[in-house]
Amino acid sequence: MAEGVKEINDSTFDDEVLKATELVLVDFWAPWCGPCKAIAPMVDEISKAFEGQLKVTKCNVDDNPATPSNYGIRAIPTLMLFKGGEKVETIVGMVEKSKLEQAIKNNL
Amino acid sequence: MSQTDYDLIVIGAGPAGLTAALYAGRARLSVLVLEKAAPGGQILVSDWIENYPGFVEGISGADLMTNVLEQARRFGMETRSAEVASLDLGDTVKRVHLSDGALSAKSVIIATGASPRKLGVPGENTFWGQGVSTCATCDAPFYRDSLVAAVGGGDTAVQESLFLTRFAKKVYLIHRRDQLRAARILQERAFENERLEIIWDSVLTEIKGGASGVTGVAVKNVKTGDLTDLTVHGCFVWVGTVPNTGFVPAVIDLDAAGFITVNSRMETSVPGVYAAGDVRNTPLRQVATAVGDGAIAASEAIHYIENLK
Chain R
76 MAEGVKEIND STFDDEVLKA TELVLVDFWA PWCGPCKAIA PMVDEISKAF EGQLKVTKCN
136 VDDNPATPSN YGIRAIPTLM LFKGGEKVET IVGMVEKSKL EQAIKNNL
Chain A
87 MSQTDYDLIV IGAGPAGLTA ALYAGRARLS VLVLEKAAPG GQILVSDWIE NYPGFVEGIS
147 GADLMTNVLE QARRFGMETR SAEVASLDLG DTVKRVHLSD GALSAKSVII ATGASPRKLG
207 VPGENTFWGQ GVSTCATCDA PFYRDSLVAA VGGGDTAVQE SLFLTRFAKK VYLIHRRDQL
267 RAARILQERA FENERLEIIW DSVLTEIKGG ASGVTGVAVK NVKTGDLTDL TVHGCFVWVG
327 TVPNTGFVPA VIDLDAAGFI TVNSRMETSV PGVYAAGDVR NTPLRQVATA VGDGAIAASE
387 AIHYIENLK
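If you're matching them up, the sequences are chains R and A in order. For the first sequence, this note's numbering begins at 76 and goes up steadily by one. For the second sequence, this note's numbering begins at 87 and goes up steadily by one.
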């Protein structure tokens with residue numbers, strides 16, 4: 076995991092994501108999910124490319140069931156973008172880097 | 087000979103593409119592998135591969151591909167995360183157009199694989215990621231003690247349905263015929279598994295749900311015409327694949343189903359352009375066949391490039 080990527084959990088979700096002032100990406104993942112592992116380097120790259128503009132976080136759904144349940148997540152990887160406490164984008168499954176970049180740019 | 091950015095560009099970083107890159111790297115070609123999503127390909131979603139030789143107990147798709155990626159990098163393979171927009175296939179220079187420019191190579195191997203086929207029924211797109219899935223290893227743990235539907239009858243459908251039974255209370259496997267196509271050993275496991283119920287001669291006609299996602303499916307018996315509603319919270323779809331050929335120009339011949347037509351040397355209708363793995367006209371789509379295709383395609387590309395000199 077890249078330096079800029081922050082691991083969050085059910086108890087820190089409010090402070091780290093909903094109360095954040097910048098745009099936040101949450102990568103919902105689990106250790107048993109192959110595609111989640113496969114997109115991890117791409118998420119790291121995104122974190123570097125948008126440094127200072129985007130906060131990149133990861134939430135392990137195995138250890139933190141409440142947050143995924145609140146957002147109706149039933150598939151991983153799921154990437155969500157939050158702005159001003161609101162969910163503004165949901166991307167389910169293995170996404171192309173270009174598509175994720177576009178979604179971020181649309182919400183910056 | 088014309089100067090190009092790379093000797094060989096491989097499109098797609100699944101088992102076929104990475105094997106091709108491994109062989110070409112060992113022949114000291116300069117090789118770039120382009121991948122639109124994450125390296126690994128479709129096999130990443132497979133929870134356990136028991137039929138790939140060399141792994142006595144089997145291996146997960148993700149672990150296998152991590153190893154292959156590392157192995158190919160040892161021989162100088164470069165990778166880049168990019169989606170190919172189009173190909174411009176000249177006699178000696180092949181141009182691969184990306185969203186941010188073009189790259190040139192002497193030879194191209196298309197190994198873009200295939201994507202899971204959709205059922206095309208109402209509700210499928212609406213509830214995608216909210217109960218509708220094609221990846222049991224990703225999503226099965228969300229269905230602990232739940233009722234789940236699965237559709238299909240091949241190896242993937244049966245293998246992944248068996249995986250689902252480790253979490254779900256009950257898995258209804260809906261199959262349009264009266265027998266499965268899956269390998270016998272998988273069929274035996276399916277018949278023995280008390281949590282797996284096969285619904286024969288039936289097709290799924292609708293996926294139903296609400297704000298919380300999938301709540302049920304409608305199933306039609308193709309012999310009697312009877313309609314049944316099943317209460318389920320998830321619906322997994324494993325009904326074959328469609329080739330990823332959106333960027334492939336018309337000069338490359340496709341078969342009736344849209345897969346790239348190649349001969350036994352993996353040559354397409356354009357000299358210097360090869361296709362390998364699930365994207366080609368192959369009777370079997372497995373890791374074992376994809377890596378074989380990749381090795382042949384690379385070997386042919388190596389000869390082709392040598393003869394350009």
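Even glycine gets a Cβ: it sits at the ideal position worked out from N, Cα and C.
Put simply, the backbone Cα of His183 of chain A is about 7 angstroms away from that of Leu189 of chain A. Within its own chain, the residues whose Cβ lies closer than 7 angstroms to the Cβ of Lys158 of chain R, once the five positions on either side in sequence are excluded, are Leu98, Asn182, listed in chain order. As the crow flies, the alpha-carbon of Leu313 of chain A is around 17 angstroms from that of Leu205 of chain A. Per the Cβ contact rule, the segment 82-91 of chain R is in contact with the segment 130-144 of chain R (3 or more Cβ pairs under 8 angstroms). Contact check for Ala376 of chain A against Tyr360 of chain A fails: the beta carbons are separated by 8 angstroms or more. Under the three-state reduction of DSSP output, Lys294 of chain A falls in the strand class. Per DSSP, the beta-bridge partners of Arg181 of chain A are A:Asp174, A:Ser190. With a threshold of 8 angstroms between beta carbons, Pro125 of chain A makes contact with chain R. If you ignore the 5 residues before and after Ala374 of chain A, its C-beta comes within less than 8 angstroms of the C-beta of Asn137, Tyr138, Pro139, all in its own chain and listed in chain order.
Exclusion of the five residues before and after Ala110 of chain A leaves Leu94, Val117, Ala384, Ala387, Ile388 as the residues of its chain whose Cβ lies within less than 7 angstroms of its Cβ. Against chain A, the CB of Thr132 of chain R has no partner CB under 8 angstroms away; the residue lies outside that interface. For the segment 102-122 of chain R, the set of positions with a beta-carbon nearer than 9 angstroms to some beta-carbon of chain A reads Ala105, Trp107, Cys108, Gly109, Pro110, Cys111, Lys112, Ala113, Ile114, Ala115, Pro116, Met117, Glu120 in chain order. A Cβ-Cβ contact shorter than 8 angstroms links Thr105 of chain A with Gly380 of chain A. Between Ile260 of chain A and Ala236 of chain A the beta-carbon gap is near 7 angstroms, inside 8 angstroms, which marks them as a contact.
Boundaries of the beta strand (DSSP E) harbouring Pro329 of chain A: 327-329, taken from the DSSP string. The three-state reading of DSSP puts Ser385 of chain A in helix, counting H, G and I together.
Boundaries of the alpha helix (DSSP H) around Ile179 of chain R: 172-182. At least 8 angstroms separates the CB of Pro202 of chain A from every CB of chain R.
Against chain A, the CB of Gly159 of chain R has no partner CB under 8 angstroms away; the residue lies outside that interface. Rounded to the nearest whole angstrom, the CA to CA distance from Gln216 of chain A to Lys162 of chain R is 16 angstroms. The C-beta distance from Pro329 of chain A to Val365 of chain A rounds to 5 angstroms, short enough to fall under 8 angstroms. In the displayed model, Thr142 of chain R falls within a helix according to three-state DSSP. Taking 8 angstroms as the Cβ-Cβ cut-off, the segment 147-174 of chain R approaches chain A at Gly147, Ile148, Arg149, Ala150, Ile151, Pro152, Thr153, Thr165, Val167, Gly168, Met169, Val170, Glu171, Lys172, Ser173, given in chain order.
Asp119 of chain R and Lys112 of chain R have their C-alpha atoms some 11 angstroms from each other. Taking a Cβ-Cβ cut-off of 9 angstroms, the neighbours of Trp214 of chain A in chain R comprise Ala150, Val167, Gly168, given in sequence order. DSSP places Leu104 of chain A within a helical segment (H, G or I) once states are collapsed to three. Ranked by Cα distance from Val170 of chain A, the options A:Asn153, A:Gly98, A:Phe228 are led by A:Gly98. Here the C-alpha atom of Ser173 of chain R lies approximately 18 angstroms from the C-alpha atom of Thr331 of chain A. In summary, the residues of the segment 137-151 of chain A whose CB is separated from some CB of chain R by less than 9 angstroms are Ser146, Gly147, Ala148, Asp149, Met151, in the order they occur in the chain.
By the 16-neighbour rule on beta-carbons within 10 angstroms, Phe228 of chain A is buried.
Using beta-carbon distances, Thr223 of chain A counts as an interface residue toward chain R, with a partner under 8 angstroms. The beta-carbon distance between Thr317 of chain A and Gly302 of chain A, rounded to whole angstroms, is 5 angstroms. This is short enough to meet the 8 angstroms contact definition.
By the neighbour-count definition (other C-beta atoms within 10 Å, threshold 16), Gly296 of chain A is an exposed residue.
Boundaries cannot be given for Thr310 of chain A, as no alpha helix (DSSP H) includes it and DSSP labels it neither H nor E. The beta-carbon distance between Pro152 of chain R and Pro110 of chain R, rounded to whole angstroms, is 6 angstroms. This is short enough to meet the 8 angstroms contact definition.
Within the segment 233-259 of chain A, no residue has a Cβ lying closer than 9 angstroms to any Cβ of chain R.
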